Structures are given as structure tokens and as C-alpha cells.
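These notes concern the structure reproduced below.
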Amino acid sequence: MHYSQVLAELEKVKVGERISRRKADELRRAFGARFTAAWKLVKEGRVKKYVFKPSGKVQWIVVGRERDYIIYEASGYCSCDDFYMSIMEGRAKACKHLIAQRLACELGLYEVVEEEDKKYGSLMEEWRKVERPQNLPLSTLTG
Ligand SMILES: [Zn+2]
Numbered sequence: 085m086h087y088s089q090v091l092a093e094l095e096k097v098k099v100g101e102r103i104s105r106r107k108a109d110e111l112r113r114a115f116g117a118r119f120t121a122a123w124k125l126v127k128e129g130r131v132k133k134y135v136f137k138p139s140g141k142v143q144w145i146v147v148g149r150e151r152d153y154i155i156y157e158a159s160g161y162c163s164c165d166d167f168y169m170s171i172m173e174g175r176a177k178a179c180k181h182l183i184a185q186r187l188a189c190e191l192g193l194y195e196v197v198e199e200e201d202k203k204y205g206s207l208m209e210e211w212r213k214v215e216r217p218q219n220l221p222l223s224t225l226t227g
């Protein structure tokens, strides 16, 4: 999607009040193509906010084509290859998933999924599953 279409979409969902055109421009300048990709993820409803009960623990997830990505918004961490390859080496500021999470959060365009605390461990295990064999084991990233 071209950026002008992204702007049109932004206006359509009445984000003018929350994300101004200037802000959107700033985002595009800062993130380039990743911003466009991020907006697509938001529009496709791929950003999920898991809220665990009763602890209230929150885990953001971006649902990808081949796997899910774990977002730690506070530390600005994502479990994708782009994060590992580009961000940790200083070539980019954020991957599309992190941008998507921030956009979705700011716009309220995310799905809330409520789960019980006891399911946290098994869900994390599922989210950490890496289906493509070339991926590095996540344990090396998350410590
Ligand atoms: Zn990512």
C-alpha cells in the first residue's frame, strides 16, 4: 500500500484526533517502509492484547503469517528476525511489529483476549515456537 493510501486510511478511521498528519509524517520518516507494513498489520487486526486474570498481566502479540511475535512494549523488544538482524545492530529503530503495536495501542485498534493466569506458560511456549528452521533459538535472545 502506498503511503498516501495509508494516510487516507488513517483519516477514514478518524485518527486525526489521535495521530495527526504531522505525526504520521514523522512516523513515516522515522520508520519508512516498516510504517506501511505496520499499518497493514493493524488494519488486518493482527495486534492482540492478552490480559491474564486475575493477575492483570498484559502480553502483546502480533500474529504473523508463519508465527506469532512476542512484543515487550516496555523494553521495545520483539521476537522477530528483523529485530534481531536490524535493530540490535542499530540499522533500524523498530520492526514493523513494534510499530504496529504502538499504532494499535494509540488508536485502540487491537483485540483484547482474556486468559487465565495458568495458561500463560503454555501460551508463551506456543508463541515462542519458531517454525522456520533458519531462526535462531529464542532462548538466546530472551535469556
Ligand atoms: Zn518484530
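Each residue of the sequence shown is one higher than the one before, counting from 85 in the numbering used here. All residues carry an ideal CB built from backbone N, CA and C; glycine is no exception. Here the structure is a predicted model, which is why all the values come from computation and not from measurement.
The beta carbon of residue 194 sits closer than 6 Å to those of 131, 133, 188, all from its chain and outside the five residues before and after it, given in chain order.
With a minimum length of 4 residues, there is no unbroken run of alpha helix (DSSP H) contained wholly in the segment 141-187. In the DSSP assignment, residue 195 falls outside any alpha helix (DSSP H) and lies within the beta strand (DSSP E) extending over 195-200. With fewer than 16 neighbouring CB atoms inside 10 Å of its own CB, residue 197 falls in the exposed class.
Contact between the segment 172-184 and the segment 142-155 is established, with three or more Cβ pairs separated by less than 8 Å.
With a cutoff of 8 Å, residue 182 counts as near ligand 1, since its C-beta is closer than that to a heavy atom of the ligand.
Cβ-Cβ separation between residue 207 and residue 199: approximately 7 Å, consistent with a contact (criterion under 8 Å).
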